[in-house]
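Trainee: Handing you this structure, nothing more for now.
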Amino acid sequence: MIKAFSGFEVVFLEIINSYFYLKFKENNMYRTHNCGELRLADKGEEVILCGWVQRSRDLGGMTFVDLHDRYGITQLVFNMETNSALCERARKLGREFVIRAEGRVEERSNKNLKLLTGEIEIVVNEFSILNKSEIPPFTIEDDTDGGEELRMKYRYLDLRRNCIRNNIILRHKVALEVRRYMDEAGFIEVETPVLIKSTPEGARDFVVPSRMQPRTFYALPQSPQTLKQLLMVAGFDRYFQIVRCFRDEDLRADRQPEFTQIDCEMSFVERDDILYTFEGLAKNLFRHIMGIEFKDPFIKLAYNDAIVNYGTDKPDLRFGMKISDLTEIVKNHGFTLFDTSEFVGAICAKRCSGYTRKQIDGLTEFVKKPQIGARGLIYVKYEIDGNFKSTVDKFYSQEDIKRWADRLKAMPGDLILILAGERKTTLSALSELRLEMGERLGLRKKSEFVPLWVVDFPLLEWDDETKRFYAMHHPFTSPKPEDIHLLEEDPGRVMANAYDLVINGVEIGGGSVRIHDANIQKLMFKVLGFTDKEADEQFGFLLNAFKYGAPPHGGIAFGFDRWVAMFGGQDSIRDFIAFPKNNSGRDVMLDTPSTISERQLDELRLKFREEELL
Ligand code: ASP
């Protein structure tokens with residue numbers, strides 16, 4: 071049975087089944103059943119249903135109305151011959167009117183086997199309109215005519231559509247499953263405050279002005295990072311929280327200014343204890359939500375190997391197509407681009423030597439997009455007859471190119487794609503090109519999942535613009551113990567005790583073993599460019615706490631919205647959040663961010679700068 075459906079369908083059917091017969095059966099005047107509940111076995115029963123009119127059709131002497139609610143759709147039928155007055159009234163029902171209908175369950179002559187209620191209909195003997203509806207701005211069906219902006223403006227109507235509602239139900243199911251697993255593993259869910267202190271954690275903070283203490287601000291947490299560490303100092307031992315986080319960043323399809331994490335922390339553990347615990351969570355979710363078993367431990371890939379082989383620290387391992395470094399073997403043939411590039415790398419697309427000019431041009435356009443950043447694309451076609459045809463034939467003999475092909479393990483019929491330039495950007499462009507080719511060749515199957523741990527990250531990243539180091543994860547991540555001595559002499563070489571869970575090219579979670587020694591934490595702040603005074607002002611609370619017996623600890627946080635979207639088979643997290651924001655961070659339904667009154671501004675003692683008002 072599981073094989074016949076996609077993971078999402080299995081979940082969906084399960085959800086439907088578990089909610090058909092409400093555990094606490096309603097016993098009120100509105101309804102005896104919901105719109106997804108009645109079956110042939112109920113034939114002859116007198117029932118009352120409530121719901122929204124999806125559609126009505128007049129056929130001969132009959133009027134059919136599809137009544138929908140969260141649970142399903144049931145067909146109502148009105149007969150002109152037996153009750154013409156009622157039928158006339160039914161004909162006037164508009165889309166999305168809310169009605170209450172009483173009638174008898176009958177067997178349908180024209181059965182609809184796509185619907186679980188498709189074998190029956192309700193022959194209505196009375197109905198009342200509970201509320202009228204204006205004509206909705208888009209059709210409330212899976213295949214809607216509503217564009218994104220319109221759907222968001224009327225999100226409450228969008229949420230009435232099965233496909234969106236099912237996403238939200240899936241989210242609920244995943245949250246329940248997370249809580250069950252974490253509880254069984256001894257974790258305690260603790261709420262942490264939403265109004266906290268602004269501390270540099272990577273992204274920009276959202277801030278909230280304080281009325282009671284003018285000129286001061288709270289910040290909304292980018293994550294409860296320091297608070298969960300304090301809970302470890304407090305001896306909670308195992309903490310988790312499904313928690314809202316806020317980051318004032320530029321948005322993409324998989325980013326929202328407010329998003330939800332499964333945030334976790336444990337004491338008296340080393341890296342592998344943490345990975346084991348959360349691999350368990352991941353496997354458990356895949357088992358219960360998707361019906362997929364992972365028997366083997368997840369692959370562990372060092373950050374450096376991920377970058378060298380895939381050009382990214384979040385590789386999609388559903389397919390191979392690794393990057394090969396050609397920098398040295400292509401040099402000294404008079405081809406300036408290769409001679410002067412810091413890095414020349416290539417991937418091999420199997421059985422693509424037949425790519426047309428147009429297809430290659432398309433790929434060239436792709437790599438030249440500003441967000442990808444390559445200057446151009448060089449290709450080699452390994453023809454079926456064993457010859458090479460390339461854009462650089464002038465500079466390289468067939469034997470030269472054969473050496474590249476061997477390095478790439480290319481075979482006749484394959485297409486080699488080469489990019490050259492600065493190392494970091496070229497590797498990242500190759501990563502994008504690899505994903506694009508994987509997509510074109512159908513190698514990124516939605517039903518397949520390849521999780522892996524990326525480990526051994528560098529602790530710090532050098533930023534050329536500001537001429538300083540930044541923490542690659544965050545400032546609380548512990549260096550590998552064997553590298554601590556390098557922190558002052560050669561910070562760039564220090565490796566971190568950090569890890570990410572990556573699934574199908576998406577970073578689902580990340581965390582680290584933390585620093586629990588106040589002196590090392592102080593040193594870390596120093597390396598990050600904080601003076602003692604600044605470190606104390608911003609993180610005094612943490613440094614202080616570390617003086618009172620901080621246990622060794624570490625943890626992880628997962629992007630809950632992303633995880634649910636992945637289970638739901640979509641890239642964008644937006645439709646897995648009931649009321650999301652658009653790409654400019656607006657809630658178009660609430661029409662916010664919006665201005666506040668002069669009085670509110672006065673109370674907060676806030677004033678716009680003159681130039682902002684112009
Ligand atoms: N607080 C971190 C984050 O939000 C995750 C962690 O290290 O536990 O990325």
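Residues in the sequence shown are numbered from 71 upward in steps of one, following my numbering. Note that the Cβ used here is the ideal one computed from N, Cα and C, for glycine as well.
(1) Fully enclosed by the stretch 123-211, which alpha helix (DSSP H) runs are 4 residues long or longer?
(2) Can you grab the Cα-Cα spacing for the pair alanine 255 / aspartate 383, in whole Å?
(3) In angstroms, rounded to a whole number, what distance separates the CA positions of arginine 675 and arginine 285?
(4) Helix, strand or coil for aspartate 253, going by three-state DSSP, please let me know.
(5) How far does the beta strand (DSSP E) with glycine 689 in it reach, from first residue to last?
(6) Where does isoleucine 393 land, buried or exposed, given buried means 16+ other C-beta within 10 angstroms?
(7) Is leucine 503 helix, strand or coil when you go by DSSP?
(8) Could you check whether aspartate 212 and arginine 221 sit closer than 8 Å to each other, using their CB atoms as the reference points?
(9) What residues are listed by DSSP as bridge partners for glutamine 283?
(10) Along the chain, where does the alpha helix (DSSP H) containing phenylalanine 436 start, and where does it finish?
(11) Is serine 642 near the ligand ASP, judged by its Cβ being under 7 Å from some heavy atom?
(12) What distance in whole Å lies between the Cβ atoms of glutamate 335 and lysine 298, which are believed to be in contact at a cut-off of 8 Å?
(13) Quick check: alanine 416 and tyrosine 452, are their CB atoms within less than 8 Å of each other?
(14) What's the gap between the Cα of glutamine 670 and the Cα of phenylalanine 678?
(15) Write down every uninterrupted run of the beta strand (DSSP E) in the stretch 448-523 whose length is 3 residues or greater and which is fully enclosed by it, in chain order.
(16) With DSSP as the reference, identify every bridge partner of isoleucine 332, one or two as the case may be.
(17) Could you name the residues of the same chain whose beta carbon sits closer than 6 Å to that of serine 198, not counting the 5 residues immediately before and after it, in chain order?
(18) What separation, rounded to the nearest whole angstrom, lies between the Cα atoms of alanine 568 and aspartate 366?
(19) Are the Cβ atoms of glutamine 311 and phenylalanine 630 separated by less than 8 Å?
(20) Can you name the residues that DSSP bridges to threonine 662?
(21) Of all the options Lys603, Phe637, Asp526, Thr601, which has the alpha carbon lying nearest to the alpha carbon of lysine 576?
(22) Looking at phenylalanine 413: is its Cβ nearer than 8 Å to the Cβ of valine 400?
(23) If you draw a straight line from the alpha carbon of tyrosine 91 to that of alanine 648, how long is it in whole angstroms?
(24) How close, in whole Å, do the beta carbons of leucine 522 and leucine 355 come, if the pair is a contact with beta carbons under 8 Å?
(25) Could you check whether leucine 489 and leucine 686 sit closer than 8 Å to each other, using their CB atoms as the reference points?
(26) For the beta strand (DSSP E) containing lysine 370, list its first residue and its last residue.
(27) Here's the rule: buried if 16 or more other CB atoms are within 10 angstroms of the residue's CB, otherwise exposed. What is glutamate 191?
(28) For phenylalanine 616, tell me which candidate among Gln591, Leu186, Phe628 has the shortest Cα-Cα distance.
(29) Evaluate glutamate 502 with the Cβ neighbour count: other Cβ atoms within 10 Å of its Cβ, from every protein chain shown; 16 or more gives buried, anything less gives exposed.
(30) Kindly give me the distance between the Cβ atoms of isoleucine 626 and phenylalanine 348, rounded to whole angstroms, as I take these residues to be in contact under 8 Å.
(31) Which residues in the same chain as phenylalanine 338 place their Cβ atom closer than 7 Å to its Cβ, once the five residues preceding and following it in sequence are excluded?
(32) Kindly identify the DSSP beta-bridge partner or partners of serine 667.
(33) What do you reckon, is the C-beta of histidine 586 under 7 Å from a heavy atom of the ligand ASP?
(34) Using the beta-carbon count (16 or more within 10 Å), is tyrosine 380 buried or exposed?
(35) As an exercise, report each continuous beta strand (DSSP E) stretch of at least 3 residues that is fully enclosed by the stretch 373-425, in chain order.
(36) Compute the Euclidean distance between the alpha carbons of leucine 246 and leucine 571, then round it to the nearest angstrom.
Mentor: Taking the coordinates as given:
(1) Qualifying alpha helix (DSSP H) stretches, in chain order: 154-161.
(2) Roughly 29 Å between the two C-alpha positions.
(3) 8 Å
(4) helix
(5) Not covered by the structure: residue 689. The range shown for the chain is 71 to 684.
(6) The residue is buried, with at least 16 neighbouring Cβ atoms inside 10 Å.
(7) helix
(8) no
(9) According to DSSP, glutamine 283 bridges with nothing at all.
(10) 427-438
(11) no
(12) 4 Å
(13) no
(14) Cα to Cα, glutamine 670 sits roughly 13 Å from phenylalanine 678.
(15) Here the runs fully enclosed are 448-452, 458-460, 485-491.
(16) Answer by DSSP bridge pairing, in chain order: Ile312, Phe628.
(17) If the five residues before and after serine 198 are omitted, its C-beta is found closer than 6 Å to the C-beta atoms of Arg170, all from its own chain and listed in chain order.
(18) Computed Cα separation, rounded: 22 Å.
(19) no
(20) Asp657
(21) The identity of residue 576 in the sequence shown is valine, whereas the question assumes lysine. For the residues Lys603, Phe637, Asp526, Thr601, the minimum Cα distance to valine 576 belongs to Phe637.
(22) no
(23) Only weak support is given to the placement of tyrosine 91: the predicted model assigns it a pLDDT of 49, under 50, and the value that follows is read from those uncertain coordinates. Whole-angstrom Cα-Cα distance: 25 Å.
(24) Between leucine 355 and leucine 522 the Cβ distance is about 16 Å, and since that is not below 8 Å, they are no contact.
(25) Residue numbering for the chain in the displayed model covers 71 to 684; residue 686 lies beyond these limits and cannot be assessed.
(26) Going by DSSP, lysine 370 is part of the beta strand (DSSP E) stretching over 369-372.
(27) buried
(28) Ranked by how close their Cα comes to the Cα of phenylalanine 616, the residues Gln591, Leu186, Phe628 have Gln591 in first place.
(29) Around the beta carbon of glutamate 502, a 10 Å sphere encloses 16 or more other beta carbons of the protein chains shown; the residue is thus reported as buried.
(30) Going by Cβ atoms, the distance from isoleucine 626 to phenylalanine 348 rounds to 5 Å, so yes, they are a contact pair.
(31) Pro621, Pro622
(32) Answer by DSSP bridge pairing: none, since serine 667 is not bridged.
(33) no
(34) With 16 or more Cβ atoms within 10 Å of its Cβ, tyrosine 380 is classed as buried.
(35) 413-419
(36) 21 Å
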